[in-house]
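In my numbering, the protein residues as written are 220 to 764.
The beta-carbon is built from N, C-alpha and C at its ideal position, and this holds for glycine as well.
Taking it in order: structure first as structure tokens, then the write-up.
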């Protein structure tokens with residue numbers, strides 16, 4: 220028996236025990252001892268107490284373990300990681316803190332660093348919870364099935380792919396159409412490695428097969444590992460003779476997902492939202508100028524995502540009845556996972572490590588801010604109501620040297636002190652898509668004839684004479700008067716009309732009785748009223764009329 224159950228039994232037994240005779244007390248005591256397991260002397264003592272005190276929660280106030288310095292340093296690291304969740308941030312702190320200190324953005328004492336490395340994800344979430352923000356938008360799908368070549372491209376199975384080996388990529392297209400799929404607009408080809416999560420994003424001027432092949436060639440020059448296999452959906456931009464021949468010529472395994480099974484490409488679909496929609500957004504982009512600016516954005520984003528954005532991978536999933544329990548691996552960046560696979564030779568390993576040490580995450584994120592602003596100025600607005608641009612914005616290119624690439628590790632003290640001062644009260648917020656679409660116009664016009672146009676006046680008259688009638692009763696009367704005209708699905712329409720009429724009737728209710736009974740509030744409490752400016756005698760006379 221639990222402690223709470225024992226206290227509840229004591230509260231019920233004590234009054235009966237105190238009022239019982241000597242023989243009855245012995246019987247009650249035996250039952251109470253057998254139920255609770257208390258010693259007999261202790262049971263007598265608690266049963267004879269005059270008042271049974273209710274159980275109270277024992278509070279042990281503790282001192283705050285993480286002070287202001289730890290919280291300020293955690294916020295600097297969180298913002299440098301673009302405000303990711305604590306379960307992804309905390310495992311990455313051993314790599315992120317040295318990078319921030321190396322580039323002079325953070326100066327912490329040894330005890331503060333020890334506390335930061337020992338902090339739990341739940342505690343970090345509680346510290347960061349007051350400053351979080353959450354956007355949400357959705358895009359549309361532009362995938363069109365290519366059915367003629369499905370028999371030539373096998374469906375992806377376990378025998379085709381080795382998910383533990385880097386080089387097998389899921390690919391997909393993201394449309395930058397602004398919610399309108401008509402006309403020509405830009406696309407983004409997204410490639411995601413299943414084993415490491417390494418992601419490359421390449422813009423396309425159109426959705427043709429030749430543009431996809433050219434983008435794959437560019438991706439192979441950017442990837443730190445060989446492209447072994449690709450898995451796509453059933454869109455015609457992928458299922459075509461040119462791409463099949465290209466993969467066969469380059470010895471690339473080409474598989475596809477099942478039709479209408481979007482989750483077959485779950486890894487790249489997640490990156491579509493976490494990278495493309497998060498950094499680029501949902502606006503419409505057209506033309507070569509926007510294409511070049513989008514390329515510059517992805518040049519910076521690929522470095523930031525692959526080196527400074529940790530992610531968690533599903534380790535195992537078990538089902539017990541209706542409950543599904545998921546266990547995840549420790550959050551790691553794609554670069555960290557790539558280092559542990561053993562596919563990199565010594566030269567590649569040294570080159571990527573040097574690049575990681577030179578990259579400054581704070582300055583890299585600032586460049587992404589500038590590149591995003593330049594790209595968003597090229598968005599094509601869907602309506603003419605939005606303001607037009609009077610001048611063409613200047614192109615902004617990605618500057619690797621501005622992010623620390625090629626610089627030495629030495630940093631001036633003035634820059635370190637300046638950034639450390641900014642880190643104590645950082646002003647930047649999570650870099651996200653800036654919404655440029657206008658607010659939707661409320662749909663208030665009718666799209667079909669009003670079925671109650673010629674009878675609604677009579678319905679209102681019936682309500683004025685008999686306000687107690689319900690909408691269903693009035694609807695049944697209309698069905699009896701007009702057989703076959705009003706089906707049951709139109710009952711809700713009439714009920715909404717009646718509800719609107721009742722609301723107007725309540726608003727026009729005459730409340731002269733308030734003044735007649737002297738219960739009306741003084742003017743100072745009910746606001747200005749034209750009747751309040753009249754003399755008291757006139758007001759009473761008008762009320763009596």
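Exposed unless 16 or more other CB atoms sit within 10 angstroms - verdict on residue i
{"i": "residue 238", "result": "exposed"}
{"i": "residue 556", "result": "buried"}
{"i": "residue 400", "result": "exposed"}
{"i": "residue 678", "result": "buried"}
{"i": "residue 389", "result": "buried"}
{"i": "residue 418", "result": "buried"}
{"i": "residue 385", "result": "buried"}
{"i": "residue 523", "result": "buried"}
{"i": "residue 594", "result": "buried"}
{"i": "residue 836", "result": "Because the chain is modelled from 220 through 764, residue 836 falls outside the range shown and cannot be assessed."}
{"i": "residue 246", "result": "exposed"}
{"i": "residue 461", "result": "exposed"}
{"i": "residue 484", "result": "buried"}
{"i": "residue 547", "result": "exposed"}
{"i": "residue 402", "result": "exposed"}
{"i": "residue 335", "result": "buried"}
{"i": "residue 745", "result": "Any answer about residue 745 is weak, because its pLDDT of 44 lies below 50 and its placement is not dependable; what the coordinates show is given next. Residue 745 is exposed by the Cβ-count criterion."}
{"i": "residue 515", "result": "buried"}
{"i": "residue 429", "result": "exposed"}
{"i": "residue 406", "result": "buried"}
{"i": "residue 474", "result": "buried"}
{"i": "residue 241", "result": "exposed"}
{"i": "residue 676", "result": "exposed"}
Cα-Cα separation between residue i and residue j, rounded to whole angstroms
{"i": "residue 563", "j": "residue 443", "result": "8 Å"}
{"i": "residue 296", "j": "residue 538", "result": "36 Å"}
{"i": "residue 578", "j": "residue 309", "result": "20 Å"}
{"i": "residue 661", "j": "residue 312", "result": "47 Å"}
{"i": "residue 526", "j": "residue 554", "result": "6 Å"}
{"i": "residue 511", "j": "residue 559", "result": "35 Å"}
{"i": "residue 409", "j": "residue 495", "result": "8 Å"}
{"i": "residue 561", "j": "residue 350", "result": "40 Å"}
{"i": "residue 708", "j": "residue 438", "result": "56 Å"}
{"i": "residue 223", "j": "residue 254", "result": "13 Å"}
{"i": "residue 426", "j": "residue 456", "result": "6 Å"}
{"i": "residue 393", "j": "residue 550", "result": "26 Å"}
{"i": "residue 476", "j": "residue 688", "result": "58 Å"}
{"i": "residue 424", "j": "residue 721", "result": "57 Å"}
{"i": "residue 228", "j": "residue 545", "result": "41 Å"}
{"i": "residue 541", "j": "residue 250", "result": "41 Å"}
{"i": "residue 268", "j": "residue 280", "result": "30 Å"}
{"i": "residue 663", "j": "residue 669", "result": "13 Å"}
{"i": "residue 703", "j": "residue 674", "result": "15 Å"}
{"i": "residue 346", "j": "residue 318", "result": "22 Å"}
{"i": "residue 583", "j": "residue 488", "result": "25 Å"}
{"i": "residue 378", "j": "residue 315", "result": "Residue placement at residue 378 is poorly supported in this model, since its pLDDT is 47, which falls under 50; the coordinates still yield a value, given next. Distance between the alpha carbons of residue 378 and residue 315 is about 38 Å."}
{"i": "residue 624", "j": "residue 618", "result": "9 Å"}
{"i": "residue 615", "j": "residue 667", "result": "50 Å"}
{"i": "residue 420", "j": "residue 536", "result": "30 Å"}
Presumed contact (8 Å Cβ cut-off) between residue i and residue j, rounded CB distance
{"i": "residue 490", "j": "residue 411", "result": "5 Å"}
{"i": "residue 705", "j": "residue 697", "result": "5 Å"}
{"i": "residue 552", "j": "residue 528", "result": "6 Å"}
{"i": "residue 581", "j": "residue 299", "result": "5 Å"}
{"i": "residue 520", "j": "residue 587", "result": "6 Å"}
{"i": "residue 225", "j": "residue 236", "result": "That belief does not hold up - the Cβ atoms of residue 225 and residue 236 are roughly 15 Å apart, past 8 Å."}
{"i": "residue 517", "j": "residue 422", "result": "7 Å"}
{"i": "residue 230", "j": "residue 266", "result": "About 11 Å separates the two Cβ atoms, so there is no contact after all."}
{"i": "residue 498", "j": "residue 591", "result": "7 Å"}
{"i": "residue 486", "j": "residue 413", "result": "6 Å"}
{"i": "residue 248", "j": "residue 264", "result": "Not confirmed; about 11 Å, so no contact."}
{"i": "residue 597", "j": "residue 509", "result": "4 Å"}
{"i": "residue 383", "j": "residue 331", "result": "Not quite, the Cβ-Cβ distance comes to about 38 Å (not below 8 Å), so this is no contact."}
### Query
Three or more C-beta pairs closer than 8 Å, one from the segment 303 to 321 and one from the segment 278 to 285: is that the case here?
Not touching, per the Cβ criterion.
### Task
Could you tell me whether the segment 500 to 507 touches the segment 475 to 485, using the rule of 3 or more Cβ pairs below 8 Å?
no
### Message
Measuring CB atoms only, is the segment 524 to 532 touching the segment 447 to 463, in the sense that at least three cross pairs come out at less than 8 Å?
### Response
Counting Cβ pairs under 8 Å, fewer than three are found: no touch.
### Task
Could you name each continuous beta strand (DSSP E) segment of 3 residues or more that falls completely within the segment 493 to 564, going from the start of the chain to the end?
533 to 539, 542 to 547
### Task
At 3 residues or longer, and completely inside the segment 412 to 475: list those beta strand (DSSP E) runs for me, N to C.
Counting only unbroken stretches of 3 or more residues, the beta strand (DSSP E) elements lying wholly within the segment 412 to 475 are 418 to 423, 448 to 451, 472 to 475, in sequence order.
### Sufficient close CB pairs (3 or more, under 8 Å) joining the segment 428 to 439 to the segment 568 to 575
no
### Task
Could I get the ranges of all uninterrupted alpha helix (DSSP H) runs contained in the segment 273 to 339, with 4 residues as the minimum, in chain order?
Entirely contained in the segment 273 to 339, the alpha helix (DSSP H) runs reaching 4 residues are, in chain order, 287 to 299, 305 to 321, 329 to 337.
### Query
Touching or not, the segment 683 to 693 and the segment 712 to 725, by the rule of three or more beta carbon pairs under 8 Å?
The segment 683 to 693 vs the segment 712 to 725: in contact.
### Task
Jot down the residue ranges of each uninterrupted alpha helix (DSSP H) in the segment 238 to 268, minimum 4 residues, whole runs only, in chain order.
Listed in chain order, the alpha helix (DSSP H) elements of length 4 or more contained wholly in the segment 238 to 268 are 241 to 255, 259 to 266.
### Task
List in chain order: all unbroken alpha helix (DSSP H) runs of 4+ residues lying wholly within the segment 672 to 713.
675 to 684, 690 to 700
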